[in-house]
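Q:
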Amino acid sequence: MRFVSILMGSKSDYDIMKEAVKVLEKFQIPYELIITSAHRTPERTHNYVKEAEERGAKVFICGAGMAAHLAGVVASLTTRPVIGVPMPSGMMDGLDALLSTVQMPGGMPVATLAVGKAGAKNAAYLALQILANSDDELKAKLEEDRIAQAKKVEMDSKEVEVRLD
Ligand code: RP5
Numbered sequence: 007m008r009f010v011s012i013l014m015g016s017k018s019d020y021d022i023m024k025e026a027v028k029v030l031e032k033f034q035i036p037y038e039l040i041i042t043s044a045h046r047t048p049e050r051t052h053n054y055v056k057e058a059e060e061r062g063a064k065v066f067i068c069g070a071g072m073a074a075h076l077a078g079v080v081a082s083l084t085t086r087p088v089i090g091v092p093m094p095s096g097m098m099d100g101l102d103a104l105l106s107t108v109q110m111p112g113g114m115p116v117a118t119l120a121v122g123k124a125g126a127k128n129a130a131y132l133a134l135q136i137l138a139n140s141d142d143e144l145k146a147k148l149e150e151d152r153i154a155q156a157k158k159v160e161m162d163s164k165e166v167e168v169r170l171d
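Right, here's the structure in full:
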């Protein structure tokens with residue numbers, strides 16, 4: 007069965023990574039979620055990525071903070087797309103994780119998104135868009151979602167907008 011795999015370096019990342027879970031559940035896409043660390047549990051990370059890929063993981067989403075090497079390590083273990091979400095932890099509030107995640111060497115890509123909740127949410131959307139390349143039903147759902155987002159902006163505006171004739 008095809009699914010999206012979410013990995014995070016620590017339980018302390020869960021509050022942020024829940025945003026990715028919410029999106030995948032909204033679109034009813036199967037997912038797994040696991041805590042595993044590039045540094046604290048390297049073997050667990052290696053073994054999980056290998057067996058998840060064999061079982062049908064099509065996209066990996068990795069959330070990690072500080073010296074955030076999880077997404078890069080996962081990218082080294084699979085040719086499936088890897089999406090990195092930097093966590094806003096540590097003394098630099100996520101800048102450290104952003105740079106650690108984004109600065110991958112050529113040939114080993116990690117699609118690095120925004121620090122924090124917006125990044126986690128977008129990670130799930132990007133995973134859906136990747137899956138939608140070969141799933142017209144999912145593509146149609148994403149298009150409906152865009153229309154709903156646009157409508158919400160207009161509705162929100164109506165509540166507060168001021169215009170001069
Ligand atoms: C990273 O270190 C984790 O991804 C987390 O964002 C950060 C801090 O981890 P804890 O000390 O809270 O477990 O590996």
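Counting from 7, one number per residue, gives the positions in the sequence shown under this note's numbering.
Yeah, the Cβ is synthetic: ideal placement off N, Cα and C, and Gly gets one too.
Values in this document were obtained by computation on a predicted structure and should not be read as measured data.
1. Should ILE12 and LYS123 be called a contact, given that it needs their Cβ atoms to be closer than 8 Å?
2. Just the Cα atoms here: how many angstroms apart are THR107 and ASP151?
3. Alpha carbons only, please: which of MET72, VAL88, GLY62 is nearest the one belonging to MET97?
4. Out of PHE66, THR47, ASN53, ARG46, which has the shortest C-alpha to C-alpha gap to LEU39?
5. Would you report the Cα separation of LYS56 and LYS157, rounded to the nearest angstrom?
6. Please identify the residue among ALA44, ARG8, ASP171, SER163 whose C-alpha is closest to the C-alpha of GLU59.
7. Can you grab the Cα-Cα spacing for the pair TYR131 / GLY78, in whole Å?
8. Could you give the C-beta distance for VAL10 and ILE35, rounded to a whole number, given that I count them as a contact under 8 Å?
9. Taking LEU6 as part of the alpha helix (DSSP H), name the residues at either end of that continuous run.
10. Would you kindly report the start and end of the unbroken beta strand (DSSP E) that includes GLU38?
11. Do ALA117 and VAL80 have their C-beta atoms closer together than 8 Å?
12. Are the beta-carbon atoms of LEU148 and GLN135 separated by less than 8 Å?
A: So, from the data block:
1. By one-based count along the sequence shown, residue 12 stands at place 6. By one-based count along the sequence shown, residue 123 stands at place 117. Not a contact, by the Cβ cut-off of 8 Å.
2. By 1-based counting over the sequence shown, the position of residue 107 is 101. By 1-based counting over the sequence shown, the position of residue 151 is 145. Going by the C-alpha atoms only, they are around 29 Å apart.
3. On the sequence shown, position 91 is the one that residue 97 refers to. That would be MET72, whose Cα lies nearest to the Cα of MET97.
4. In the sequence shown, residue 39 corresponds to position 33, counting from 1. Closest option to LEU39, Cα to Cα, is PHE66.
5. By one-based count along the sequence shown, residue 56 stands at place 50. By one-based count along the sequence shown, residue 157 stands at place 151. Their backbone Cα atoms lie some 42 Å apart in a straight line.
6. By 1-based counting over the sequence shown, the position of residue 59 is 53. Relative to GLU59, the option among ALA44, ARG8, ASP171, SER163 whose CA is nearest is ARG8.
7. Counting from one through the sequence shown, the residue named residue 131 turns up at place 125. Counting from one through the sequence shown, the residue named residue 78 turns up at place 72. Roughly 20 Å between the two C-alpha positions.
8. The residue given as residue 10 occupies position 4 in the sequence shown. The residue given as residue 35 occupies position 29 in the sequence shown. VAL10 to ILE35, Cβ: 6 Å. Contact.
9. Residue numbering for the chain in the displayed model covers 7 to 171; residue 6 lies beyond these limits and cannot be assessed.
10. As a position in the sequence shown, residue 38 is number 32, starting the count at 1. Unbroken beta strand (DSSP E) run through GLU38: 37-41.
11. The sequence position of residue 117 within the sequence shown is 111, counting from 1. The sequence position of residue 80 within the sequence shown is 74, counting from 1. No, they are not a contact pair.
12. Taking the sequence shown and counting its residues from 1, the one referred to as residue 148 is at position 142. Taking the sequence shown and counting its residues from 1, the one referred to as residue 135 is at position 129. Yes.
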